[in-house]
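> Numbering (UniProt numbering), first residue to last: 1 to 315.
Using N, Cα and C, we set each Cβ at its ideal position, and we do this for glycine too.
It should be emphasised that the depicted structure is a prediction, and the values quoted were computed from it without experimental measurement.
#1: Within 8 angstroms, do at least three Cβ pairs link the segment 271-290 to the segment 195-210?
#2: Quick one, are the C-beta atoms of residue 273 and residue 288 less than 9 angstroms apart?
#3: Taking the alpha carbon of residue 61 as the point to measure from, which residue in 69, 102, 68, 119 has its own alpha carbon closest?
#4: Could you check how far apart the C-beta atoms of residue 48 and residue 17 are, in whole angstroms? I think they sit under 8 angstroms.
#5: What residue range does the alpha helix (DSSP H) around residue 326 cover?
#6: By the 10 Å Cβ neighbour count, where 16 or more other Cβ atoms means buried, how is residue 166 classified, buried or exposed?
#7: Could you tell me which of 143, 145, 133, 95 sits nearest to residue 164, measuring between CA atoms?
#8: Give the C-beta separation of residue 160 and residue 306 to the nearest angstrom, bearing in mind that I take them to be a contact with Cβ-Cβ under 8 angstroms.
#9: If we call anything under 9 angstroms between Cβ atoms a contact, is residue 259 one with residue 179?
#10: If you reduce the DSSP assignment to three classes, tell me which class residue 229 lands in.
#11: May I have the straight-line CA-CA distance separating residue 195 from residue 238, to the nearest angstrom?
#12: What beta strand (DSSP E) runs, 3 residues minimum, are completely inside the segment 228-298?
#13: Any heavy atom of the ligand ATP closer than 8 angstroms to the beta-carbon of residue 255?
#14: Between residue 12 and residue 309, is the Cβ-Cβ spacing less than 9 angstroms?
#15: In the structure shown, what three-state DSSP assignment does residue 44 receive?
#16: In chain order, which beta strand (DSSP E) runs of at least 3 residues are fully inside the UniProt domain "GHMP kinase N-terminal" (72-159)?
#17: Are the segment 139-147 and the segment 73-93 touching by the rule of at least three beta carbon pairs closer than 8 angstroms?
#18: Assuming residue 64 is part of the alpha helix (DSSP H), what are its boundary residues?
#19: Suppose the cutoff is 8 angstroms on Cβ atoms and the five residues either side in sequence are ignored; what does the same chain contact list for residue 298 look like?
#20: Can you confirm whether the segment 20-39 touches the segment 230-247 when touching is taken to mean that 3 or more C-beta pairs between the two stretches lie within less than 8 angstroms?
#21: So what does residue 211 bridge to, in DSSP terms?
#22: If you drop the 5 nearest sequence neighbours on each side, which residues of the same chain put their C-beta closer than 7 angstroms to that of residue 214?
#23: Taking buried to mean at least 16 other C-beta atoms within 10 Å of its own C-beta, is residue 53 buried or exposed?
#24: In chain order, what residues of the same chain lie with their CB nearer than 8 angstroms to the CB of residue 97, ignoring the 5 residues before and after it?
#25: Name, in chain order, the residues that DSSP records as bridge partners for residue 10.
#26: Using the Cβ count rule (16 or more neighbours within 10 Å means buried), how would you classify residue 242?
#27: May I ask which residues mark the beginning and end of the beta strand (DSSP E) holding residue 313?
#28: Considering Cα atoms alone, identify which of 122, 181, 116 is closest to residue 79.
#29: Per DSSP, residue 16 is paired with what?
#30: Would you mind giving the Cβ-Cβ distance between residue 109 and residue 41, rounded to the nearest angstrom? I have them listed as a contact below 8 angstroms.
#31: Within the continuous beta strand (DSSP E) that includes residue 56, where are the two ends?
#32: Contact check, residue 27 vs residue 124 under 8 angstroms by CB: the rounded distance?
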């Protein structure tokens with residue numbers, strides 16, 4: 001049990017955008033990027049409730065997010081924190097959305113993780129990031145319908161992370177760069193998941209398992225040839241690609257400019273590529289934007305080290 005002695009105060013935390021799945025590791029792998037972020041300000045209150053007081057944002061659609069705590073990813077995570085650890089006090093929460101909604105950059109996860117990191121700082125006995133992880137899974141499920149850790153885990157730990165429902169493992173990553181390009185197009189996570197409901201042939205699972213093994217081995221050894229051979233998605237990408245206008249051209253642009261691999265970030269529509277060289281990543285990002293432009297879509301691009309930041313308290 002966490003000590004329930006009241007500690008007054010307010011804390012604010014910021015959580016970065018993420019690249020969920022990294023193509024080959026559906027619901028298992030993810031990493032963060034330096035770029036857009038969500039921010040949560042939490043105030044500890046005497047009432048035994050979780051209350052969302054405001055949601056603001058830079059991205060369109062933030063005003064459609066639920067203010068009811070139990071329906072909001074960040075609010076649901078704080079409810080779980082209270083209930084699981086027997087807290088007598090509650091929290092007031094204000095969110096600022098910096099990550100585009102429905103972008104495949106982990107916006108729901110970022111709000112959830114930022115809220116937990118801020119609330120944790122107000123506890124009399126703060127818990128570890130590993131202990132925050134199962135609470136974040138509950139919050140993420142409120143938004144996506146699935147308690148997947150591919151976004152919340154790297155946002156808690158930073159860098160490249162392998163996650164299961166009960167474990168998070170920070171992975172060694174060579175000095176690589178990610179180019180992430182987000183088109184001005186909304187693809188809701190639930191719709192993207194519906195594309196995966198039809199059965200898969202066993203042979204596809206075998207191929208994907210081989211790619212995942214090569215990818216993880218390449219990371220562990222610092223072997224970029226293995227990383228490139230493994231960064232291929234034969235399960236999810238073929239079914240979600242038709243939902244993203246211009247995807248084929250954008251992916252090809254990344255590969256043509258030296259990407260080790262390129263695929264869909266999270267549920268999409270953001271497309272990412274991994275690069276061994278920062279200059280190649282910068283050039284590829286511009287070419288990827290041109291690919292979306294040919295489909296009539298404006299886009300934003302970010303280039304970041306693959307070993308991105310974790311959620312942190314801010315002033």
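Quick look at the numbers:
#1: no
#2: yes
#3: 102
#4: Between residue 17 and residue 48 the Cβ distance is about 33 angstroms, and since that is not below 8 angstroms, they are no contact.
#5: In the structure as shown, the chain begins at 1 and stops at 315. Residue 326 is therefore absent and cannot be evaluated.
#6: exposed
#7: 133
#8: 6 angstroms
#9: yes
#10: helix
#11: 10 angstroms
#12: 261-264, 271-275
#13: You won't find the ligand ATP in this model; it holds no ligand whatsoever.
#14: no
#15: strand
#16: 90-97
#17: yes
#18: Here residue 64 belongs to no alpha helix (DSSP H), and DSSP marks it neither H nor E.
#19: 183, 184, 292
#20: yes
#21: Paired residue(s): none; residue 211 is not in a bridge.
#22: 226, 229, 230
#23: exposed
#24: 38, 55, 56, 57, 58, 59, 62, 65, 107, 111
#25: 43
#26: exposed
#27: 312-314
#28: 116
#29: 37
#30: Going by Cβ atoms, the distance from residue 109 to residue 41 rounds to 18 angstroms, so no, they are not a contact pair.
#31: 50-57
#32: Not a contact, Cβ separation roughly 34 angstroms.
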